[in-house]
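Numbering (UniProt numbering), first residue to last: 1 to 254. We put the beta carbon where it would ideally sit given N, CA and C, even for glycine. Keep in mind the model is a prediction, meaning the values are calculated, not measured. Following: one structure in structure tokens, then a few remarks.
Okay, structure coming up:
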């Protein structure tokens, strides 16, 4: 083998031992490198899908926390409504209770209009659906976001000073409960997607590592062999050059 060929093999061994990989460029193993690159692309897709899904879960938690607050306010309004129906309350007492109800309604409207995630309004009706790219190919799931404003809940004009009727409050509670159940189901689906993505990413990483894995003992032995050959060829080349110089000197002498 020519000196240049030995030198290339020695350099290749140094590169492999430095990276601890048997494939560093296409010349090492073109087919193996193509497979590894494809696996890395898929792994990156799963990792991005996991991050997207985790961000989606954070968004759902924000929305659910706001809906929990609205649920508590609706429950309080219902309690006040039952209280106001008591015959012992004079009109002015019921008016005071209505002021409390109005304050709670204002709070609900405030939460519905101002709950946001990364500047996105979540509960005012402007975000009809949440499209989440959970998979490595960009596909995923769609979650319907709730509209929790007073008019959508049907309690914008709710008043406890008139005839007793809590059906609107019960209907509003049912809407909010249904919305929270939908968010909960979405969050559970996201948990499954995260677990799948992480497992798939780990498996692909392990498979890629096996393809790239370097047999260090074998490569070190190969490197030492090539270094010996390299030194031998350099020695023989130098000896040949010295011999040629001597011959040239004799010819000149003659």
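- According to DSSP, residue 155 shares a beta bridge with no other residue.
- For residue 106, the enclosing alpha helix (DSSP H) stretches over residues 91 to 114.
- In the DSSP annotation of this structure, residue 128 is not part of any alpha helix (DSSP H), being labelled neither H nor E.
- A distance below 6 angstroms between beta-carbons, with the five flanking residues on each side excluded, links residue 201 to the following residues of its chain, in chain order: 43, 46, 47.
- Judged by DSSP in its simplified three-state form, residue 162 adopts coil rather than helix or strand.
- From the listed residues 38, 50, 91, the smallest Cα separation to residue 163 is found for 91.
- Apart from the 5 residues on each side of it in sequence, residue 140 sits with its Cβ closer than 6 angstroms to the Cβ of 132, 133, 134 in its chain, given in chain order.
- Excluding sequence positions up to five before and after residue 130, its CB lies within less than 6 angstroms of the CB of 143, 145, all in the same chain and listed in chain order.
- The C-alpha of residue 77 is placed about 12 angstroms away from the C-alpha of residue 165.
- Beta-bridge analysis with DSSP links residue 133 to 140.
- The residue among 40, 60, 111 with its C-alpha nearest the C-alpha of residue 73 is 111.
- The closest CA to that of residue 65, considering only 93, 49, 176, is found on 176.
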